[in-house]
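J.: Please find one structure pasted underneath; my questions will follow.
There are 2 protein chains.
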Amino acid sequence: MPAAIRPLEEVLDLLLETFTSDGYDGASLARISEVTGLGKSSLYHHFPRGKVEMITKVLRHLEQQLEQALFAPMRTKESPKKKLDAMLATIDAFYAGGKKACLLERACASVDRAQFRRPLQHVFLVWIAALESLCLEAGVPPDAAKSRAQDALVRIEGALVLAAAINDTAPFRRALDQLRSSLLSK
Amino acid sequence: MPAAIRPLEEVLDLLLETFTSDGYDGASLARISEVTGLGKSSLYHHFPRGKVEMITKVLRHLEQQLEQALFAPMRTKESPKKKLDAMLATIDAFYAGGKKACLLERACASVDRAQFRRPLQHVFLVWIAALESLCLEAGVPPDAAKSRAQDALVRIEGALVLAAAINDTAPFRRALDQLRSSLLSK
DNA sequence: GTCTATACGTGGATAGAC
DNA sequence: GTCTATCCACGTATAGAC
């Protein structure tokens, strides 16, 4: 596979951004073409199955980003508490303090979600697993760790929805604060 | 305004259902026509501004439904605890135990959301206000009541998103359980 | 109020030259 | 790998008869 003019990585970053802000349905090929600087034919060269293939690869790309930015730091030898704080700071920055939407949530609500259900679900499951590990490491009882992890994502996603809907980032900031103080408590 | 063949109320119920399951973007006029049994022209007779007017009226309709089913019962003389339990049971049924999506969340993620931002925001604010009142009545400190109310919606919306994404209603059931046990605590 | 027919734009997707 | 040009389906929306 010869190197493309614009590295695929970079294209995926742009697609991630576009799908996040415009939604999967709202991101038209015309818009995507504009954003990436690639003509439609070029896009179909890289993604023969069209938009479905784009979002699928974007989801994998996002998963890799999360792996590097969130999950990998959680496997270091730092104290769980410090790792939690670091993770929350990263999340805070990633969602611009609650001003930015979440690609995952947007994708869940899209018309064609059935066509990329699996990769979408996978990102959530990986994220939950990472949080569960952290809980276990901090001494949270095994039968409670998974629920805790799921509930953390519930709060993050829900807070992003509400913050956008009422145009107030307070719910998001509180959600992170609450996770900071209670996710790892026994 | 002469009575329509099919009462407008009933049409709005059908639209609510369709927008919820298919999303605003995914609900095409063809589909809406099919579901309601009204031809496209009839739809434009009732909703001259098209889909935007439909969703706007559906949101108002939903607000009235919530008023009757959720908010009005909260203003009775029952104990706050009993009223909370009743509300959670209604919510549980409304979202089919976490299997059904939330129109509000779907609408938030739609392409044309800017065109019905206000009515959408209004439903959230009314709901939050109702929860806040209940908190205050139960003796939750005034400076905490609003946050509590917002956080309750965060959990409900977030749980619906996650439950759908990972195809597991457990997060939703837990969210309601947690609200039952902690929303009104001091 | 409802219907049939249709206009018009834009969506995703392709063909074929370079 | 990228471009221009184009296809077709479907989207919303409208016209005009009944």
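Chains D and E are the protein sequences, given in the same order. Residue numbers for the first sequence follow the working numbering, beginning at 573 and rising by one. Residue numbers for the second sequence follow the working numbering, beginning at 573 and rising by one. For glycine and all other residues, C-beta sits at the position ideal for the given N, C-alpha and C. None of these values were measured; they are calculated from a predicted model.
Tell whether a beta-carbon distance below 8 Å holds between ILE627(E) and LEU615(E).
T.: The residue you call residue 627(E) lines up with position 55 of the second sequence. The residue you call residue 615(E) lines up with position 43 of the second sequence. Contact: no.
J.: Check the Cβ of SER719(D) against every Cβ in chain E and list those closer than 7 Å, keeping chain order.
T.: Sequence index remark: in the first sequence, residue 719(D) carries index 147 (1-based). Neighbours of SER719(D) on chain E, chain order: ARG746.
J.: Buried or exposed: which applies to GLU606(D), given that a residue is buried once 16 or more other Cβ atoms fall within 10 Å of its Cβ?
T.: In the first sequence, counting from the first residue as 1, residue 606(D) sits at position 34. GLU606(D) comes out exposed.
J.: For ALA575(E) and GLU581(E), what's the separation of their Cα atoms in angstroms?
T.: For the purposes of this step, residue 575(E) is taken as the residue at position 3 of the second sequence. For the purposes of this step, residue 581(E) is taken as the residue at position 9 of the second sequence. With a pLDDT of only 45 at ALA575(E), under the threshold of 50, the placement of this residue in the model should not be trusted; the figure read from the coordinates follows. Near 11 Å, if we compare the C-alpha coordinates of GLU581(E) and ALA575(E).
J.: With a threshold of 8 Å between beta carbons, is GLY730(E) in contact with chain D?
T.: On the second sequence, residue 730(E) is found 158 positions in, with the first residue counted as 1. By this cut-off, GLY730(E) is an interface position.
J.: What residues from chain E crowd round PRO652(D), counting only those whose CB sits closer than 8 Å?
T.: To locate residue 652(D), count along the first sequence from 1; it is residue 80. Chain E residues near PRO652(D): none, gap ~22 Å exceeds 8 Å.
J.: Establish whether the CB of ILE627(E) and some CB of chain D are separated by less than 8 Å.
T.: For the purposes of this step, residue 627(E) is identified with residue 55 of the second sequence, where counting begins at 1. With 8 Å as the cut-off, ILE627(E) does not count as an interface residue toward chain D.
J.: Could you run through the region 683–717 of chain D and flag, in chain order, every residue whose CB is less than 7 Å away from some CB of chain E?
T.: Correct list: VAL683, LEU692, GLN693, PHE696 and LEU697.
J.: For chain E, is any of its Cβ atoms less than 8 Å away from the one on VAL630(D)?
T.: Taking the first sequence and counting its residues from 1, the one referred to as residue 630(D) is at position 58. It does not; no Cβ of chain E falls within 8 Å.
J.: For SER757(D), does the three-state DSSP call read helix, strand or coil?
T.: Locating residue 757(D) in the first sequence gives position 185, counting from the first residue. In this structure, SER757(D) counts as coil in the three-state DSSP scheme.
J.: Buried or exposed: which applies to PHE744(D), given that a residue is buried once 16 or more other Cβ atoms fall within 10 Å of its Cβ?
T.: Taking the first residue of the first sequence as position 1, residue 744(D) is located at position 172. By the 10 Å Cβ count, PHE744(D) comes out buried.
J.: Using 10 angstroms around the beta-carbon of LEU756(D), count the other beta-carbons present and answer buried if the total reaches 16, otherwise exposed.
T.: Your numbering for residue 756(D) matches position 184 in the first sequence. Flag for LEU756(D) reads buried.
J.: Within the continuous alpha helix (DSSP H) that includes CYS674(E), where are the two ends?
T.: Indexing the second sequence from 1 puts residue 674(E) at position 102. Run containing CYS674(E): none; DSSP gives neither H nor E here.
J.: Ends of the alpha helix (DSSP H) at THR662(D)?
T.: Here residue 662(D) corresponds to residue number 90 of the first sequence, with the count starting at 1. Its alpha helix (DSSP H) spans residues 652–666.
J.: Beta carbons nearer than 8 Å to chain E: which residues of the region 592–605 of chain D have them?
T.: So the close ones are ASP594, GLY595, ASP597 and GLY598.
J.: Is the region 581–595 of chain D touching the region 621–641 of chain D, taking contact as three or more C-beta pairs under 8 Å?
T.: Yes: the two stretches touch, three or more of their Cβ pairs being nearer than 8 Å.
J.: If we call anything under 8 Å between Cβ atoms a contact, is ARG578(D) one with GLY609(D)?
T.: In the first sequence, counting from the first residue as 1, residue 578(D) sits at position 6. In the first sequence, counting from the first residue as 1, residue 609(D) sits at position 37. For ARG578(D) and GLY609(D), yes; Cβs fall inside 8 Å.
J.: Taking the Cβ atom as the reference point for each residue, do PRO691(E) and ARG632(E) lie within a distance shorter than 8 Å?
T.: Here the question's residue 691(E) lines up with position 119 in the second sequence. Here the question's residue 632(E) lines up with position 60 in the second sequence. Contact: yes.
J.: At which residues does the alpha helix (DSSP H) containing ASP585(D) begin and terminate?
T.: Position 13 of the first sequence, counting from 1, holds the residue named residue 585(D). Per DSSP, ASP585(D) belongs to the alpha helix (DSSP H) from 580–598.
J.: With distance defined between alpha-carbon atoms, name the residue in ILE700(D), ALA681(D) and GLY670(D) nearest to LYS672(E).
T.: Against the second sequence, residue 672(E) aligns to sequence position 100. Of the listed residues, the one whose Cα sits closest to LYS672(E) is ALA681(D).
J.: To the nearest angstrom, how far is it from the Cα of GLY595(E) to the Cα of PHE688(E)?
T.: Within the second sequence, residue 595(E) is the residue found at index 23, counting from 1. Within the second sequence, residue 688(E) is the residue found at index 116, counting from 1. Distance between the alpha carbons of GLY595(E) and PHE688(E) is about 14 Å.
J.: Counting only beta-carbon separations shorter than 8 Å, does LEU734(D) have a partner in chain E?
T.: Mapped onto the first sequence, residue 734(D) falls at position 162. It does; some Cβ of chain E falls within 8 Å.
J.: Any contact between the region 641–656 of chain E and the region 735–753 of chain D? By contact I mean 3 or more CB pairs, one from each, below 8 Å.
T.: Too few Cβ pairs lie closer than 8 Å, so no.
J.: Using 8 Å as the cut-off, can you tell me whether the region 695–703 of chain E makes contact with the region 711–726 of chain D, which would need three or more C-beta pairs spanning the two stretches below that distance?
T.: No, the region 695–703 of chain E is not in contact with the region 711–726 of chain D.
J.: Could you tell me which whole alpha helix (DSSP H) segments of length 4 or greater appear in the region 670–746 of chain D?
T.: Fully enclosed alpha helix (DSSP H) runs of 4 or longer: 675–680, 689–709 and 714–738.
J.: THR592(D): buried (16+ other C-beta within 10 angstroms of its C-beta) or exposed?
T.: Along the first sequence, read from residue 1 onward, the residue named residue 592(D) stands at position 20. Buried, by the Cβ-count rule.
J.: How many Å lie between LEU660(D) and LEU748(D) at the Cα?
T.: Numbered from 1 along the first sequence, position 88 holds the residue referred to as residue 660(D). Numbered from 1 along the first sequence, position 176 holds the residue referred to as residue 748(D). Cα to Cα, the separation comes out at about 7 Å.
J.: On the criterion of 16 or more Cβ atoms from any shown chain inside 10 Å, does GLU704(D) qualify as buried, or is it exposed?
T.: Walking along the first sequence from the start, residue 704(D) turns up at place 132. When all chains shown are included, GLU704(D) counts as buried.
J.: LEU706(D) and LYS654(D) look like a contact to me (Cβ under 8 Å); what is the Cβ gap, rounded to whole Å?
T.: For the purposes of this step, residue 706(D) is taken as the residue at position 134 of the first sequence. For the purposes of this step, residue 654(D) is taken as the residue at position 82 of the first sequence. Not quite, the Cβ-Cβ distance comes to about 11 Å (not below 8 Å), so this is no contact.
J.: Tell me, please, whether the CB atom of ALA668(E) is closer than 8 Å to any CB atom in chain D?
T.: Numbered from its first residue, the second sequence carries residue 668(E) at position 96. No, ALA668(E) does not count as interfacial toward chain D.
J.: What in chain E is Cβ-close to ILE738(D), meaning under 7 Å?
T.: Residue mapping note: residue 738(D) aligns to position 166 of the first sequence, counting from 1. Near ILE738(D) (Cβ distances below 7 Å), the residues of chain E are GLN693, PHE696 and LEU697.
J.: So GLU639(E) is in the alpha helix (DSSP H); what residue range does that whole segment cover?
T.: Here residue 639(E) refers to the residue found at position 67 of the second sequence. That residue, GLU639(E), is in no alpha helix (DSSP H); it is neither H nor E in DSSP.
J.: If you drop the 5 nearest sequence neighbours on each side, which residues of the same chain put their C-beta closer than 7 Å to that of GLY611(D)?
T.: The residue given as residue 611(D) occupies position 39 in the first sequence. Closer than 7 Å at the Cβ level, and outside the excluded window around GLY611(D), lie SER605.
J.: Can you give me the C-alpha to C-alpha distance between SER613(E) and GLU635(E), rounded to a whole angstrom?
T.: Translated into positions along the second sequence, residue 613(E) becomes position 41. Translated into positions along the second sequence, residue 635(E) becomes position 63. Going by the C-alpha atoms only, they are around 27 Å apart.
J.: Would you kindly work out how many angstroms separate the C-alpha atoms of ALA731(D) and HIS617(E), rounded to a whole number?
T.: Your numbering for residue 731(D) matches position 159 in the first sequence. Your numbering for residue 617(E) matches position 45 in the second sequence. Spanning the two alpha carbons is a distance of roughly 39 Å.
J.: Taking Cβ-Cβ distances shorter than 7 Å, what residues in chain E pair up with ARG678(D)?
T.: Within the first sequence, the letter at position 106 stands for residue 678(D). Residues of chain E passing the Cβ test: ALA681.
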